[in-house]
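In the order they appear, the protein sequences are chains A and B.
Under numbering that gives the first Met the number 0, the first residue of the first sequence carries the number 0, and numbering increases by one thereafter.
Under numbering that gives the first Met the number 0, the first residue of the second sequence carries the number 0, and numbering increases by one thereafter.
Ideal Cβ positions, reconstructed from N, Cα and C, are used throughout, including at glycine.
Values in this document were obtained by computation on a predicted structure and should not be read as measured data.
What follows is a short report on a single structure.
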Amino acid sequence: MTEVSPPESPPRSQWMDVWHQFKSHRGALFGAFVFLVIVLAVYIGPFIWPHDPQFLPQGRAFIDLRDTRPVYVALWDAGAKIDWSHPLGTDNLGRDTLARLLFGGQVSIAVGLTAMLLSLVLGTLVGVVAGYFRRLDGVLMRLTDLFLALPLLPLILVASLLFRDALSAVFGPEGGVFALIVALIGLTSWMQTARIVRGDVLALKEREFVLAARSIGTTNTRLITRHMLPNILSPILVSATLGIATAIITESALSFLGFGFPPDFPTWGRLLNDGVDRLVSYPERSIWPGIMISLTVLSVNYLGDGLRDALDPRIRGR
Amino acid sequence: MLTFAIRRLVLSVPTLLFISLVIFLLLQLAPNDPMAQMPLTVPPEVREKMREAMGHGQPIHIQYFKWVLQFFWIEPKVFIDWLTADSFLLGWLPDTSLYNGELRVISWQTRSPVMDIVVQRIPQTLWVVGTAYVLAIVIAVPIGIYSAYRQYSWFDQMGTFVSMVGFSIPPFFSGVLVIVIFSVQLGWFPSIYDTTHKVVDWESFLKQLNQMIMPVMVLTLQITAQLSRFMRASMLDNLNQDYVRTARAKGLGEPNVVLVHVLRNSMIPVVTVIALGVPSIFGGAIITEQVFKVNGIGQLLITSIEANDLPMVQTLTFVFAVLIVMFNLIADLLYGVLDPRIRYD
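Structure follows, in structure tokens:
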């Protein structure tokens with residue numbers, strides 16, 4: 000008699016649930032959209048906008064092309080030197096600002112993503128090992144505390160000067176600085192992830208399914224990769240998004256202080272710094288890179304906020 | 000509580016020693032030469048002797064030991080002498096003369112004791128950073144309280160958005176932005192902070208205020224953004240607790256419930272966050288000082304890194320580390336004092 004009525008909607012998987020919640024967070028959706036647009040623009044843009052960011056006009060063209068203002072300046076200043084083939088103007092050497100902005104974005108975003116990956120791998124490794132193997136817990140957590148007590152920005156500044164030449168000899172001037180900055184940011188930002196992951200692993204270890212898995216003879220490696228990691232994926236994802244934001248800001252800060260990439264190699268922080276000297280006549284040279292940095296960081300922060308809401312079942316639907 | 004405090008204090012000594020070792024070893028890798036800025040006319044053998052006199056060829060552990068001795072033993076002696084002789088706070092005490100001509104940490108740039116320069120620079124940093132921090136606390140706490148009390152109201156939404164923006168705009172951009180707006184376009188404030196300016200009367204006080212507005216604004220925006228979010232979260236945690244319902248049920252007025260019962264409990268984590276944030280603010284001030292050309296300790300660090308002035312970099316980095324460890328300790332102790340449930344005994 001008890002006929003099972005078919006469910007009104009098909010069962011949803013966990014990821015569908017997450018996506019459903021994520022969708023309802025307007026800020027997160029907007030953040031994801033803006034970040035995606037920036038990434039696409041920066042990586043596909045150079046194919047559509049084929050000016051060479053490093054191109055230096057020679058002779059007469061140099062005088063003609065240098066120091067043009069963005070086209071919108073003509074709205075309030077009819078006498079401004081503008082050129083419709085360079086909508087955002089050129090710098091004091093006649094290089095196209097838009098092309099430099101796009102190229103700088105590639106570097107900044109690449110640094111942000113790789114540094115985030117490095118710090119994520121380190122943090123997860125330390126966190127899982129500390130949480131899972133009790134014997135190593137004390138040592139690793141003291142190490143984390145020590146890292147948290149280090150004055151990081153001064154040390155990054157010092158180290159970026161110390162190892163520059165050694166790495167440049169191996170990877171070339173730009174590649175060396177890239178590796179150096181990624182390594183420095185990654186090595187100094189894994190501590191928060193490690194703490195969160197350790198806490199979650201400690202709690203998970205006491206659950207029945209772990210006991211069950213262990214009782215059928217699962218090895219430690221398999222237990223960690225098959226049972227632990229999927230369960231701590233959400234805090235890792237959230238700290239990943241927030242990690243991108245901090246990495247981009249740190250890289251720009253380094254470049255801004257003159258400790259980052261070499262001078263003629265544009266990144267957003269570097270472009271901002273280069274513009275500061277002629278801020279009075281050409282404010283746009285600093286403002287556009289600054290807007291790009293802030294917009295990227297803002298969108299990533301909103302994305303992280305939304306992910307946290309979507310992935311944490313306890314606050315889901317609040 | 001006392002035993003806990005003493006235990007923490009004792010524990011921070013090995014931490015500091017370890018950090019000093021890390022800093023020292025890292026800097027030992029630096030390709031540096033104290034004689035790099037000497038005139039080239041100095042003959043090589045004299046140069047070598049001068050290097051030896053500065054202890055350059057000594058084994059690393061002896062160099063480290065001497066630096067620690069100078070930093071923890073000789074410099075405090077100089078400081079106490081200064082305190083009892085010249086400072087207006089404790090100058091009435093009988094003069095001590097603990098320091099008698101031992102070698103202090105000497106800067107390679109200026110050939111004068113490093114700590115003297117640091118002490119000269121600290122007031123500039125403290126004025127800007129301290130004002131910004133106090134101002135940020137005063138602004139952030141009421142914002143946090145009100146946006147938690149009216150959760151999801153337009154004020155809360157606005158506050159969330161503004162703090163997200165303040166959180167995302169790095170100080171080197173917001174600094175440049177306010178310079179463009181207030182200094183270049185409007186011409187209200189000077190873009191360069193004049194540290195030689197002395198406050199003697201009302202007029203000069205106004206000028207000081209005028210030049211402080213922009214750096215303080217940039218730092219305050221950043222700190223307020225973080226603190227108000229934290230305050231809001233902490234208030235929200237407490238507003239749904241049973242004791243709040245009890246307080247309302249027994250007929251207490253709404254201001255009383257929120258501003259006495261809830262606020263007191265929500266301030267516990269916020270106070271520790273405030274204490275923990277102090278050292279990172281000094282780090283963040285490095286950038287703000289660079290933007291507004293304030294010659295505080297952040298700017299000192301940058302110039303000495305660029306000039307390869309090893310003792311100065313070493314000491315400054317370590318001063319930052321001492322600040323971090325000290326405020327961690329203060330935060331821990333405050334937590335115990337404010338929250339009787341956590342007494343660590």
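Review point. B:Ile-353 and A:Ala-252: beta carbons closer than 7 Å?
Key: The shown model of chain B, from 0 to 344, leaves out residue 353 of chain B, and the question about it has no answer.
Exercise for review: Compute the Euclidean distance between the alpha carbons of B:Ser-152 and B:Leu-238, then round it to the nearest angstrom.
Suggested key: The residue labelled residue 152 of chain B in the question sits at position 153 within the second sequence. The residue labelled residue 238 of chain B in the question sits at position 239 within the second sequence. So the two alpha carbons sit approximately 16 Å from each other.
Check your understanding: Distance, Cα to Cα, B:His-260 vs B:Ser-203?
Key -> In the second sequence, the residue the question calls residue 260 of chain B occupies position 261. In the second sequence, the residue the question calls residue 203 of chain B occupies position 204. In a straight line, the C-alpha of B:His-260 is about 44 Å away from that of B:Ser-203.
Review point. In terms of alpha-carbon separation, which member of A:Leu-156, A:Leu-179, A:Arg-94 and A:Arg-99 lies closest to A:Leu-117?
Key: The sequence position of residue 117 of chain A within the first sequence is 118, counting from 1. Of the candidates A:Leu-156, A:Leu-179, A:Arg-94 and A:Arg-99, the one whose C-alpha sits nearest the C-alpha of A:Leu-117 is A:Leu-179.
**Study point:** Residue from B:Arg-46, B:Thr-130, B:Tyr-63 and B:Asp-241 with nearest C-alpha to B:Leu-25
**Key:** Residue mapping note: residue 25 of chain B aligns to position 26 of the second sequence, counting from 1. Checked all of B:Arg-46, B:Thr-130, B:Tyr-63 and B:Asp-241; the closest Cα to B:Leu-25 is B:Tyr-63.
Check your understanding: Given that B:Phe-181 touches chain A, what residues does it touch there, using C-beta distances under 8 Å?
Key -> Taking the second sequence and counting its residues from 1, the one referred to as residue 181 of chain B is at position 182. Under the 8 Å cutoff, chain A gives no residues; its nearest Cβ is about 12 Å from B:Phe-181.
Point to revise | chain A contacts from the segment 69–82 of chain B (Cβ-Cβ distance under 8 Å) | key: Within the segment 69–82 of chain B, no residue has its Cβ closer than 8 Å to any Cβ of chain A.
Practice item. State the Cα-Cα distance for the pair A:Arg-317 and B:Met-213, rounded to the nearest angstrom. Key: Mapped onto the first sequence, residue 317 of chain A falls at position 318. Mapped onto the second sequence, residue 213 of chain B falls at position 214. Confidence in A:Arg-317 is poor, its pLDDT being 43 and thus under 50, which makes the residue's placement too unreliable to answer from.
Check your understanding: Leaving out five residues before and five after A:Ala-27 in sequence, what residues of the same chain have Cβ atoms less than 8 Å from its Cβ?
Key -> Within the first sequence, residue 27 of chain A is the residue found at index 28, counting from 1. Excluding residues within five positions, the ones whose Cβ falls inside 8 Å are Phe-21, Tyr-301, Leu-302, Asp-304, Gly-305, Leu-306, Asp-308 and Ala-309.
Practice item. Can you grab the Cα-Cα spacing for the pair B:Val-293 / A:Leu-151, in whole Å? Key: The residue given as residue 293 of chain B occupies position 294 in the second sequence. The residue given as residue 151 of chain A occupies position 152 in the first sequence. So the alpha carbons of these two residues sit roughly 21 Å apart.
Practice item. Would you mind working out which of B:Glu-44, B:Phe-23, B:Pro-43 and B:Val-45 sits nearest B:Ile-61, comparing C-alpha positions? Key: As a working note, residue 61 of chain B is residue 62 in the second sequence. With distances taken between Cα atoms, B:Ile-61 lies closest to B:Phe-23.
Review point. What residues in the segment 285–298 of chain B bring their beta carbon closer than 7 Å to a beta carbon of chain A?
Key: Ile-285, Ile-286 and Gln-289
Review point. Does the beta carbon of A:Ile-325 come closer than 7 Å to any beta carbon on chain B?
Key: Residue 325 of chain A cannot be examined here, being either before or after the span of chain A that is shown, 0 to 317.
Review point. Of all Cβ atoms in chain A, is any one closer than 7 Å to the Cβ of B:Gly-165?
Key: For this step, residue 165 of chain B is matched to residue 166 along the second sequence. It does not: the Cβ of B:Gly-165 has no partner Cβ on chain A nearer than 7 Å.
Practice item. Determine the chain A residues that contact B:Phe-23 at a beta-carbon separation under 7 Å, and present them in chain order. Key: Residue numbering aside, residue 23 of chain B sits at position 24 when the second sequence is read from its first letter. Simply none; closest approach about 12 Å.
Practice item. Answer yes or no: do B:Val-290 and B:Phe-172 have a C-beta to C-beta separation smaller than 7 Å? Key: Your numbering for residue 290 of chain B matches position 291 in the second sequence. Your numbering for residue 172 of chain B matches position 173 in the second sequence. No, Cβ-Cβ distance for B:Val-290 and B:Phe-172 is not below 7 Å.
**Study point:** Buried versus exposed call for B:Gln-240 [16 or more other C-beta atoms within 10 Å across all chains shown]
**Key:** As a position in the second sequence, residue 240 of chain B is number 241, starting the count at 1. Per the 10 Å Cβ criterion, exposed.
Review point. According to DSSP, is B:Ile-212 helix, strand or coil?
Key: Within the second sequence, numbered from 1, the residue matching residue 212 of chain B stands at position 213. DSSP places B:Ile-212 in helix when its eight states are reduced to three.
**Study point:** Own chain, CB closer than 7 Å to B:Ile-142, minus 5 neighbours either side, in chain order
**Key:** For the purposes of this step, residue 142 of chain B is taken as the residue at position 143 of the second sequence. So the list reads Gly-158 and Ser-227, once near-sequence residues are dropped.
Point to revise | Three-way DSSP call (helix, strand, coil) for B:Pro-40 in this model | key: What you label residue 40 of chain B is simply residue 41 of the second sequence in a count that begins at 1. Residue 40 of chain B is actually Thr in this sequence, not Pro. Note: B:Thr-40 maps to coil in three-state DSSP.
Check your understanding: Quick one: what's got a C-beta closer than 6 Å to A:Ile-243's C-beta in the same chain, skipping five residues either side?
Key -> The residue given as residue 243 of chain A occupies position 244 in the first sequence. Hits under 6 Å: Gly-111, Met-115 and Val-299.
Check your understanding: Given a threshold of 16 other Cβ atoms within 10 Å of its Cβ, counted over all protein chains shown, does A:Met-227 qualify as buried or as exposed?
Key -> Within the first sequence, residue 227 of chain A is the residue found at index 228, counting from 1. Buried, because 16 or more other Cβ atoms sit within 10 Å of the Cβ of A:Met-227.
Check your understanding: Which parts of the segment 159–225 of chain A are runs of the alpha helix (DSSP H), unbroken and 4 residues or longer, counting only runs that do not cross its ends?
Key -> 163–170, 172–186, 190–204 and 207–214
Review point. Between A:Ile-289 and the rest of its own chain, which residues show a CB-CB distance below 7 Å, the 5 nearest in sequence each way excluded?
Key: What you label residue 289 of chain A is simply residue 290 of the first sequence in a count that begins at 1. The sequence shown places Gly at residue 289 of chain A, rather than the Ile named in the question. Around A:Gly-289: Leu-271.
**Study point:** Interface flag, B:Ala-320 vs chain A, CB-CB below 7 Å
**Key:** Here the question's residue 320 of chain B lines up with position 321 in the second sequence. Closer than 7 Å to some Cβ of chain A, the Cβ of B:Ala-320 qualifies, so yes.
**Study point:** Where B:Val-128 meets chain A, residues with beta-carbon distance less than 8 Å
**Key:** By 1-based counting over the second sequence, the position of residue 128 of chain B is 129. In chain order: nothing, as chain A lies at least about 14 Å away.
Practice item. Have a look at B:Arg-340 and B:Ile-267 and give me their C-alpha separation to the nearest angstrom. Key: On the second sequence, position 341 is the one that residue 340 of chain B refers to. On the second sequence, position 268 is the one that residue 267 of chain B refers to. Going from the Cα of B:Arg-340 to the Cα of B:Ile-267 covers about 11 Å.
Check your understanding: Helix, strand or coil for A:Asp-95 per DSSP?
Key -> As a first step, residue 95 of chain A is located in the first sequence; it is residue number 96 there, counting from the start. Correct three-state label for A:Asp-95: strand.
Review point. Does DSSP classify A:Phe-262 as helix, strand or coil?
Key: Translated into the one-based positions of the first sequence, residue 262 of chain A becomes position 263. Here the sequence assigns Pro to residue 262 of chain A, which means Phe is not the residue at that position. Coil at A:Pro-262, not helix or strand.
Check your understanding: Within 10 angstroms of its Cβ, does A:Pro-69 collect 16 or more other Cβ (buried), or is it exposed?
Key -> As a first step, residue 69 of chain A is located in the first sequence; it is residue number 70 there, counting from the start. Flag for A:Pro-69 reads buried.
**Study point:** Sequence-distant residues of the same chain with beta carbon closer than 6 Å to B:Thr-195, five excluded per side
**Key:** On the second sequence, residue 195 of chain B is found 196 positions in, with the first residue counted as 1. Cβ neighbours of B:Thr-195 beyond the five flanking positions: none.
**Study point:** Which listed residue (A:Ala-193, A:Phe-54, A:Thr-240 and A:Ala-31) has its alpha carbon closest to that of A:Ile-126
**Key:** Locating residue 126 of chain A in the first sequence gives position 127, counting from the first residue. Strictly speaking, residue 126 of chain A in this sequence is Gly, with Ile absent from that position. Residue A:Ala-193 is the option with its Cα nearest to A:Gly-126.
**Study point:** Option nearest B:Phe-188 by Cα separation, candidates B:Lys-197, B:Asp-236, B:Ile-168 and B:Met-216
**Key:** In the second sequence, residue 188 of chain B corresponds to position 189, counting from 1. Restricting attention to B:Lys-197, B:Asp-236, B:Ile-168 and B:Met-216, the CA atom closest to the CA of B:Phe-188 is found in B:Met-216.
Point to revise | Residue from A:Ala-158, A:Leu-201, A:Asp-82 and A:Arg-221 with nearest C-alpha to B:Leu-28 | key: Taking the second sequence and counting its residues from 1, the one referred to as residue 28 of chain B is at position 29. Of A:Ala-158, A:Leu-201, A:Asp-82 and A:Arg-221, the residue nearest in Cα terms is A:Ala-158.
Point to revise | Through-space distance from A:Ala-77 to B:Ile-144, alpha-carbon basis | key: Position 145 of the second sequence, counting from 1, holds the residue named residue 144 of chain B. Position 78 of the first sequence, counting from 1, holds the residue named residue 77 of chain A. Rounded to the nearest angstrom, the two C-alpha atoms are 50 Å apart.
**Study point:** Short Cβ contact (7 Å threshold) for B:Ala-147 with B:Leu-235
**Key:** Along the second sequence, read from residue 1 onward, the residue named residue 147 of chain B stands at position 148. Along the second sequence, read from residue 1 onward, the residue named residue 235 of chain B stands at position 236. Their beta carbons are under 7 Å apart, which means B:Ala-147 touches B:Leu-235 by this criterion.
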